[in-house]
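Here is the structure we will look at, set down as structure tokens.
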Amino acid sequence: MPTSAADPAAEPLLRIAGLSAGYGKIGVLHGVDLTVGANEVVALLGPNGAGKTTLLRAVSGLLPWSGGLHFDGRDLSGAGPRETAKAGLVHVIEGHRVFTQQTVLDNLLLAAYDMPRGERTARVEEALSYFPEVAEKRHERAVALSGGQQQMLAVAQGLVRRPRLLMLDEPSAGLSPVLVDRVFVVVRRLRETGTAVLLVEQLIEKALELADRVYALARGSIVLEARTGESDLPHRLEHAYLATTSRHT
Amino acid sequence: MVESIVLSGVAIGCIYALIGIAYNVMFNASRVFSFTAGTLGMLGGILGSLFILRMGMPIWFGFILALAGGALLGVVTEIVAVRPVLKSLDQHLYVLSTLALALIVQQYTAIEWSTEPQPFPRIFDVARGGFDQQFWLPMVACAITIVGLEVLYRHTLLGHAFLAIAEDNYAARALGLPERNLRMASYALAGVIGALAGFAGGQMLFAFFANAPLLTFYGFVPVALGGMGNNRGAVVAGLILGLFQQSANFLVGGIFASVAVFTVFIIVLLARPDGLAGASVRRRV
Amino acid sequence: MTEMSAAQSRPARASLLGSHAFVAALPFLVLLIVGLTLPLFAGGYWGVIATRACVYWVLVTGLNLMVGFAGQLAIGWVALLTLGAYTTSVLAAGNVLPPLHPYLALAVAGAVGAVFGLIVGLPALRLRTFYFAITTLGFATIVTQIALAWASVTGGGVGVPGPIFPPPFDSQWGFYYFCFGLAAICTWMTANIAASRFGRALTAVRDAEVAAEASGISKPALLVTVFLFSGAVAAIAGGLFASLQSYITPDAFTIDLSVLFFIGVLIGGRGSILGPLLGTILLTVLPEFAAPLVAWSTFLYAVLLLVIVLAIPGGIADLLDFKNRRPLESNRAIIPRPDLLARLLGRDRDPGALTLEGVALSFGGVRAIDGLDLEIRPGQVHGLIGPNGSGKTTTLNVISGYYAPQRGTARLNGTELPALVRHTRARHRIARTFQTPRLVGEASVLENVMIGGTIDGNGTFVESLLSLPRHRRDEAKLRETAMLALATVGLESLAAVRADRLQHSELRFVEIARALMLRPAFLLLDEPAAGLSAEEIRRLGALLVAIAQTGTGVLLVEHHADLIFDICHHVTVLNLGKMLAAGTPAEIRSHREVVNAYLGG
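Protein chains in written order, with our numbering: chain B, 17 to 265; chain D, -15 to 269; chain A, 7 to 607.
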């Protein structure tokens, strides 16, 4: 699985090996292997309950898990959300959860919490430049934004850190088609500027248009991995989603 | 007469309000109520008397040390009594751990300091009477705290971070905010506010270990009536409580005043378990 | 397992139960013997200590039910001790009425205690944990202040003399035996409650409230009973305390004392009788061994409490639970026995259909359910599927009464099911399981399943208290039925194991066994296959089909498409709160819109 422009044999930006995680006694993910190369957009697809959100939470350190995580040449296994974010691995969580009682600007400044004071404003402006309609409302409280604008704000929060790899959890959820396109335009722009993206999505067609590679996750394991150019992909995906284990044994 | 009721009522109401705010700050940081809020108030008075009267330090220095003592107890509370139980699914454990810690500090104080109320120093060397410092010190302390918190929450990134943790803990963690340090800092802040209440109120309440259970209860009433985590509600409810209590004291005498306050409190709380104003921030579940 | 081997194992099980009961009773027997023979080897001083321990224990038996079993943190319960002490003393001394005989005074104190126990405890039904704890503290302070102020009756700061009980209880050892006798009776009574459906219901309300409601347990009724009992015994303990002290003043009733009782329960461990008993004895006796540290006793109690909470939250009871330290077999398989269902469920009913008509429900601005019609027929497995957020679990919650629909109704056989009165669903024989298993972790698997049969008991609280025949019949039948339910789901070998030691998949089947105890006309399952292996899912499916075959209507909310398509007679697909499609599994699989809804786009 070569990365787009670099040496095919190079170490990918993100390498996950044997990731197993769950909630309490319930095991959700069983030994997942996944890689993302620098400058790649990788889509993670799968039916509800497959474990996609759990996977992102594990990678960014919001959940305990077992397995190995290598990012940008460093071993980040067991790192918490603060370390992964500082290392350049940023997770934008599902559900456009922004701090509704605070202004757009404050929401972004919080994302820049760890940075030296002088840099904060510059980074915030940089992130806002991707989303002009949110930039207009910078002094309004986040509760005044529409759901779509809040989602864009959440992505902007992720961008404040200038991530090497941005993980987006269903950024299109609850958004109108127009706004979905806006978000995806941003994702394309990110890839061009050298940010890799791991995208969890429900909208298969849109995700396939955008991504370089795709993984399908079902019932806690990877059931398919392919490049998006490959033929017959939609059919193979459908099959992977609805396949019954009993029919295969 | 009325003037006396109003002065003492507002003064004691400010002390109760400050303890209520201490409860709220801890609650906003951790979704947990701690029994140590009243103990912090007690400590403010005890430490003030200890440093200034017994050890002869200058007043401002004793004041700072007393606040530092409060911050210390706040941090200890977070580390020892709150953090270990937050991970557990058992909701009730924090009630017990904070109760245990509060009792440990109270009992130690009772034994090592005294079981009798000890004098608290005059802060400003002015004759007693009229609008005396024992009344306006708590009011000033309350006003400074409210303004200070307002500045903190509105205009500093640290304050914004506190608000973020309170509103949506999970999103704050995901954003990479240092959740644990922020919680400790909140508890330290609550410690300072509680100790401030005790120090400013020292001339009314003296340096007395039994202030702890008193403030634990009366400091919680503003929280219960004002709404969990709602500081403005706590101030309003605290003032009402103080005035009501002092009026009842003058009209029917100490014991019946307590009964009256308690009865009204229970009735109002049963009618509105979430307080009269409701919680300040609707937390994401 | 054939019928013969089942019969062979039955006598073995019975004797195991018998020997188990003896082992459990042994510590009590030892304490009983030590207590009865105490005057033979202990001097007068220790007699007083022992009497005090007995008096404290009488109060703590009631407090244990409130705090340890029901989980209500009544930190200020000393208010009831104060009340009982003063009531008994004042009535016996004749300050208000002509002097009453001490026994009568004690009995009246008990009645007064019951009433005030109810008053002090009642806020627990409305308030959060911390709020309730604070109100009890307030009560304790108020009662002491009233005792101080009402000098004409209580003697104010001067106090009143305590009652003196008539011979043979007027001597020191005589009084000791009186207190010991009462302590023994209270121990026996609360042990009976602990081993009754009331005790189990209390722990269910404490640890798994939604499951308790689904099993038909009404929290208010249960708690009121406990408050009355606890208040009564605490007040009686107060009367004994007053007699022991010979003279009582308000400052004998400090918060320290209240904390002592409270810590005694918690050191002992929740859900146990022996633990708090040992804890109370320990706390009463401890200051005597650490004589110079007497002033520090409350300090040490608080340290002990902190250590317990942080290090051994289960308390002494947990330390003594040797049974649950034995390792469990590692490769356990769950093998249900659907053939036992006929015996377990019987075939007695045609309950009609369970229907939802035009139900709509919004949370804030979000339409969780947007006009839904659903019909679950007896004898069929009805699947309910849909993407996340489609309203599947919300629908189940509406049927089981957790949410009230803003429009439309839920009906059982034409009669409307009232919303929000959750605990009545059990009486309608509507049972359910939960997305995350809700069980009492500290109780055994068998006890958890027996909780499911709580409403089938006929005995009253008093009958359980006194272990009267009807209570014992109820218990025996309940135990037998629960073992049968466990055998049906294939888990009877784990009956005596603490529930929190089980694997996730086993917990799911325990929940099903508990639900089956209601002999349900309708069984609602919330994603039961989550976290199960493929083999376990197959067995679950076979079990559910068999349950439906006995006449139960099964509603299966699920993500696992395989399970749905394999066993459902009828499938409804939800999307965004509306019905997207309904039909047989074959029809749904090929339905274009359904496939799209799952795949998005």
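Cβ atoms here follow ideal geometry from the backbone N, Cα and C, with glycine treated the same way.
Residue 112 of chain B at chain D interface by Cβ criterion, 7 Å | no
Just how far apart, CA to CA, sit residue 57 of chain A and residue 221 of chain A?
-> Near 42 Å, if we compare the C-alpha coordinates of residue 221 of chain A and residue 57 of chain A.
Note down, in chain order, each residue of its chain lying with its Cβ closer than 7 Å to the Cβ of residue 103 of chain B, except the 5 sequence neighbours on either side.
-> 87, 88, 90, 92
Spell out a yes or no on whether the stretch 202 to 213 of chain A and the stretch 97 to 104 of chain A are touching, meaning 3 or more CB-CB pairs, one atom from each, closer than 8 Å.
-> no
Check the DSSP bridge columns for residue 253 of chain A and list the partner residues they point to.
-> A:167
Closest Cβ-Cβ distance between residue 264 of chain B and chain A: below 7 Å?
-> Annotation note: pLDDT 33 at residue 264 of chain B (below 50); position unreliable, no value reported.
Just reading off the beta strand (DSSP E) that residue 231 of chain B is part of, what are its end residues?
-> 229 to 234
Taking 7 Å as the CB-CB cut-off, is residue 267 of chain D touching chain B?
-> Its pLDDT being 38, under 50, residue 267 of chain D is placed unreliably by the model, and the measurement read from it follows with that caveat. No, residue 267 of chain D does not count as interfacial toward chain B.
In terms of alpha-carbon separation, which member of B:229, B:117, B:82, B:206 lies closest to residue 145 of chain B?
-> B:206
Could you spell out the range, first to last residue, of the beta strand (DSSP E) harbouring residue 563 of chain A?
-> 559 to 563
Any C-beta of chain B sitting closer than 7 Å to the C-beta of residue 152 of chain D?
-> It does: the Cβ of residue 152 of chain D has a partner Cβ on chain B nearer than 7 Å.
List in chain order: all unbroken alpha helix (DSSP H) runs of 4+ residues lying wholly within the stretch 489 to 563 of chain A.
-> 510 to 522, 540 to 555
Ends of the beta strand (DSSP E) at residue 42 of chain B?
-> Run containing residue 42 of chain B: 42 to 52, per the beta strand (DSSP E) assignment.
Limits of the unbroken beta strand (DSSP E) element including residue 165 of chain D = Unbroken run through residue 165 of chain D is the alpha helix (DSSP H), 163 to 184; no beta strand (DSSP E).
Going by other Cβ atoms of all chains shown within 10 Å of its Cβ, with 16 needed for buried, is residue 197 of chain A buried or exposed?
-> buried
Identify whether residue 70 of chain A lies in helix, strand or coil by the three-state DSSP scheme.
-> helix
Examine the Cβ distances between the stretch -6 to 7 of chain D and the stretch 226 to 237 of chain D and report whether three or more of them are shorter than 8 Å.
-> Taking 8 Å as the limit for Cβ pairs, the verdict is that the stretch 226 to 237 of chain D does touch the stretch -6 to 7 of chain D.
Residue -13 of chain D - containing alpha helix (DSSP H), residue span | -14 to 14
Just the Cα atoms here: how many angstroms apart are residue 21 of chain B and residue 530 of chain A?
-> Because the pLDDT of residue 21 of chain B is 49, which lies under 50, any placement of that residue in the model is unreliable, and the question is left without a value.
Got a sec, what are the start and stop residues for the alpha helix (DSSP H) residue 83 of chain A sits in?
-> No alpha helix (DSSP H) contains residue 83 of chain A, which DSSP labels as neither H nor E.
For residue 264 of chain D, decide whether its Cβ has a neighbour in chain B, counting only Cβ atoms nearer than 7 Å.
-> Summary for residue 264 of chain D: the model assigns pLDDT 47, below 50, so the residue's position carries little reliability; its value from the coordinates is reported in the next sentence. So no, residue 264 of chain D is outside the interface.
Provide the residue(s) that pair with residue 237 of chain B in DSSP beta bridges, ordered along the chain.
-> B:234
Closer than 7 Å to chain A by CB, residue 68 of chain B | Chain A has no Cβ within less than 7 Å of the Cβ of residue 68 of chain B.
Can a CB atom of chain A be found closer than 7 Å to the CB of residue 42 of chain B?
-> yes
Collapsed DSSP secondary structure at residue 95 of chain A in the structure displayed = helix
Does any residue of chain A bring its CB to less than 7 Å from the CB of residue 17 of chain D?
-> yes
Compare the Cα-Cα distances from residue 573 of chain A to each of A:139, A:555, A:581 and report the closest residue.
-> A:555
Is the stretch 395 to 412 of chain A in contact with the stretch 161 to 178 of chain A, if contact means three or more CB pairs nearer than 8 Å?
-> no
Opening and closing residue of the beta strand (DSSP E) in which residue 372 of chain A lies = Taken as a continuous stretch (DSSP letters only), the beta strand (DSSP E) holding residue 372 of chain A covers 372 to 382.
At what residue ranges does the stretch 18 to 89 of chain D contain a whole run of the alpha helix (DSSP H), taking only runs of 4 or more?
-> Within the stretch 18 to 89 of chain D, the complete alpha helix (DSSP H) runs of at least 4 residues fall at 20 to 32, 43 to 60, 67 to 70.
Straight-line gap, residue 120 of chain A to residue 236 of chain A (C-alpha atoms, nearest Å) = 7 Å
Could you please give me the residues that DSSP links to residue 90 of chain B through a beta bridge?
-> According to DSSP, which records beta bridges pairwise, residue 90 of chain B is partnered with B:87.
Assumed close pair residue 265 of chain A, residue 56 of chain D - CB separation to whole angstroms, cut-off 8 Å | 24 Å between Cβ atoms; not a contact.
Assigned secondary structure, residue 156 of chain B (DSSP; H/G/I helix, E/B strand, else coil) = The answer is coil: DSSP assigns residue 156 of chain B none of H, G, I, E or B.
Got a sec: is the Cβ-Cβ distance from residue 160 of chain D to anything in chain B below 7 Å?
-> yes
If we count Cβ pairs, one from each stretch, closer than 8 Å, do we get three or more for the stretch 392 to 405 of chain A versus the stretch 351 to 367 of chain A?
-> yes
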